[in-house]
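Comments concern the structure below.
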Amino acid sequence: MKLHFFGAAGEVTGSLYLLEMKDKKIIVDCGMFQGSKFADVKNLEPFKFDPTEIDAVVVTHAHADHNARIPKLVHEGYRGPVYATDVSAKLIPIVWYDAAKIMDYDHKKTGDERLYTAIDVDRAVEHINPVPYGKTIELTKDITITFHDAGHILGSAWVKITNEDFSYVFSGDLGNVDVPLVKEKEPYPGSDVLIMESTYGDRTHGPGTDRAEKLKEVLIDTVERGGVLMIPAFSLERTQEILYELNYLIDECKRVPKVPIFLDSPMAIRATNVYSESTHVMDKDAREKVGAGDALFDFPGLKMTMATDESKAINNVPNPKIIIAGSGMMAGGRIMHHLKRYLKDPKSTLLIVSYQAQGTLGSKIQSGAKSVSIYGEKIDIKCEITQIGAYSAHADSDMLIDWVKGAKKKPKHIYLTHGDPESAEALAERLRNELGCDVRIPNRGDVAELQ
Ligand SMILES: [Zn+2]
C-alpha cells in the first residue's frame with residue numbers, strides 16, 4: 001500500500017492524498033491551495049497522477065482547501081464517484097460555483113488563467129454521492145470507507161478507510177469544543193495509520209469570551225447611536241454562527257432592539273439555506289430550539305438580499321440597521337460597498353468576527369489605519385472598530401492530543417499535515433513525548449510505503 005502526499009504537506013491548504021490499496025486508487029480530499037499568488041501557480045500545475053486511473057474520491061468537508069480542485073480533476077478525465085456526507089454534498093457545489101465565478105471575474109479583468117469554469121462545475125456536481133455519517137461504503141469486498149462527524153463545520157467528517165485488517169484514518173479538519181451548531185467530534189477509534197491535521201499544533205485557544213454577551217453590547221450601542229453595524233463574515237459557518245446568536249438575542253433578550261438585519265451575500269444565503277435544511281446533524285442545543293419551533297436562521301427583521309438591486313436598496317433603509325456580508329477578510333464582495341459608505345460614519349460600527357490575513361483590507365483596518373482606499377477612493381475611518389474573538393473552527397494542540405489519546409489502540413504511524421512547519425513540529429514533539437507515537441511530517445510529493 002502506498003500513501004502519496006500531494007497537498008497540505010508543510011502548509012495549511014491544498015489537501016490531497018492518494019491512497020493505493022491493492023489495485024484501487026483512492027483520493028482523499030482534492031483542495032485548492034489558497035492565500036497567495038504562488039498558490040494559484042500550484043493549483044494550475046497538472047496532477048501528479050492520471051485522473052482517469054482513480055477509482056474514488058472522498059471529501060472530508062466543504063471548505064475549498066479540501067475539495068475545490070475536484071472540478072479540475074473531472075475536467076481532466078475523472079469519472080468516478082465523489083463521496084461526501086449529506087450536508088457536504090449540498091454545500092460543496094455552492095463553494096465550487098463561487099470559485100468558478102471568482103476565477104471567471106479575474107480572468108475577464110486580468111486575463112488570469114482559470115482552473116475551471118461553471119460548465120466544469122456542472123459536470124463535477126453530477127459525480128457527488130451523498131453518504132450519511134456512519135454508513136459504510138464498500139468500494140470492493142475488502143475496502144470500506146466510513147464518515148464520522150469531525151465537529152469542524154456542519155457536515156465535516158473524519159474518514160476511516162479499511163482494507164481487510166489494515167486501517168487508515170484521515171482526520172480532515174478537527175473541530176473545536178463548545179462551538180455553536182456543530183456537534184462535538186466523534187472519538188478516534190484507533191487505526192494503523194493516522195493522517196492528522198496540525199493547524200493549531202503549537203497553540204491552545206485559551207478561555208473563550210462570552211460572544212453572545214459582547215455581540216449584544218455592540219448591537220445595543222450601535223442602535224442607540226443610530227448607526228449601522230457592519231459584520232464582515234465568511235459565508236460558511238461564521239455567518240450561520242452570527243445569525244444563530246442574533247436569533248438567540250432577539251428571542252431571549254428583551255433589551256435587544258428590533259432593527260432590520262440584512263444578510264447581503266448570495267453565497268452565504270445559499271449556505272444558510274442548506275444549514276436550515278440540515279438541523280438533524282446539529283448539536284443538542286440547536287436541535288432543541290428546532291424542536292420548540294424555532295427556525296434558527298429566520299427571525300423578525302432578517303432580510304436575505306440575493307439580488308444586486310436588493311443589495312443596493314439597503315442604502316435606502318434608514319439607520320439603525322445591521323449588515324452581514326462577505327468577504328470575511330474585506331478583500332472583495334458586497335461588504336466593500338457598505339464599508340465605503342459607513343466607515344466614515346462615527347455613529348456606525350465595524351465588528352470584526354473573522355481571522356484577517358496579513359495584507360488584506362481587514363488587517364489594515366484591524367491594525368488601526370486612519371484611512372483606507374476602497375475602489376480608488378480614500379475613505380477616512382471614523383466609525384467604531386471592535387472585534388469579538390472568533391470561535392476557532394479547529395481543535396487546538398491539547399484537543400488534538402486528547403483525541404489521539406482517547407483511542408484504545410495507538411496508531412502505528414501518524415503523519416501530520418495541514419499545518420505550518422512550526423505547528424506540525426510542536427505537535428509531533430508532544431505526540432512522541434506524551435503518547436510515545438511514531439510521528440512523521442511529510443513534504444509535498446512524499447510517498448509512504450505501508451504494510
Ligand atoms: Zn476546514
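Residues in the sequence shown are numbered from 1 upward in steps of one, following this note's numbering.
For each residue, glycine too, the CB sits at the ideal point set by N, CA and C.
Keep in mind it's a predicted model, so treat the numbers as computed, not measured.
Taking the DSSP output, what are the residues bridged to residue i?
i    : result
S171 : Its beta-bridge partners do not exist; DSSP assigns none.
L115 : Answer is none; L115 lacks a bridge partner.
K321 : V228
H148 : W158
M267 : Per DSSP, none; premise fails for M267.
K2   : E20 and E449
N163 : I143 and F166
C30  : L16
H418 : Answer is none; H418 lacks a bridge partner.
N129 : Y83
Q358 : DSSP, once it has assigned bridges, lists no residue as partnering Q358.
S373 : K378
H413 : V193
Among the options, whose alpha-carbon lies nearest the alpha-carbon of residue i?
i    : options                   : result
I365 : E277, D380 and Q451       : D380
K312 : R341, K214 and G291       : R341
G155 : A393, V41 and I137        : A393
K347 : Y244, K321, A325 and D294 : K321
Q387 : T209, K405, E288 and D345 : T209
V74  : A64, P187 and D120        : D120
I92  : H107, K108 and V58        : V58
Q356 : S327, V372 and K382       : S327
M330 : F234, N273 and K378       : F234
A307 : I269, H338, E288 and E277 : I269
R430 : W96, V404, Q451 and A448  : V404
D420 : E53, A150, I128 and D202  : D202
V169 : D149, D298 and G293       : D149
P300 : D251, H4, T222 and I137   : D251
N67  : N316, E53, V82 and E76    : V82
M282 : D86, K2, I70 and P266     : D86
F49  : L18, V28, L181 and D40    : L18
G77  : Y105, H127 and A39        : H127
Y244 : Q358, T272 and P257       : T272
Out of curiosity, what's the CA-to-CA distance linking residue i and residue j?
i    : j    : result
H471 : K284 : As displayed, the chain neither begins before 1 nor continues past 451, which places residue 471 out of reach and without an answer.
R123 : K90  : 15 Å
K101 : T117 : 8 Å
S15  : M32  : 7 Å
A407 : N176 : 18 Å
T60  : G226 : 44 Å
V131 : F147 : 8 Å
T305 : D142 : 49 Å
M196 : Y415 : 6 Å
E224 : D396 : 38 Å
V12  : P318 : 43 Å
D165 : V179 : 35 Å
R238 : H152 : 11 Å
Y200 : A157 : 18 Å
G333 : L236 : 14 Å
T279 : V218 : 28 Å
E103 : E113 : The sequence given here places Met at residue 103; Glu does not occur at that position. Rounded to whole angstroms, M103 to E113 spans 8 Å at the Cα level.
K135 : I161 : 12 Å
R211 : G389 : 8 Å
D106 : K254 : 46 Å
L435 : S191 : 15 Å
List the whole-angstrom C-beta distance separating residue i from residue j, where the pair is believed to meet the contact cut-off of C-beta under 8 Å.
i    : j    : result
K24  : D55  : 5 Å
L302 : L249 : So it is not a contact: roughly 12 Å between Cβ atoms.
Y275 : M336 : In fact, because the Cβ distance is near 25 Å, the residues do not count as touching under 8 Å.
R444 : G7   : 7 Å
P411 : L194 : 4 Å
I242 : V95  : Not quite, the Cβ-Cβ distance comes to about 19 Å (not below 8 Å), so this is no contact.
P232 : A325 : 6 Å
D438 : H413 : 5 Å
K344 : K382 : 5 Å
L139 : L44  : The pair is not a contact, with the Cβ atoms about 30 Å apart (cut-off 8 Å).
N247 : L296 : 6 Å
L174 : L351 : About 28 Å; that fails the 8 Å criterion.
When every heavy atom of ligand 1 is checked, does at least one fall within less than 7 Å of the C-beta of residue i?
i    : result
D345 : no
H127 : no
I153 : yes
D86  : no
H63  : yes
D55  : no
D173 : yes
H205 : no
H148 : no
H413 : no
H66  : yes
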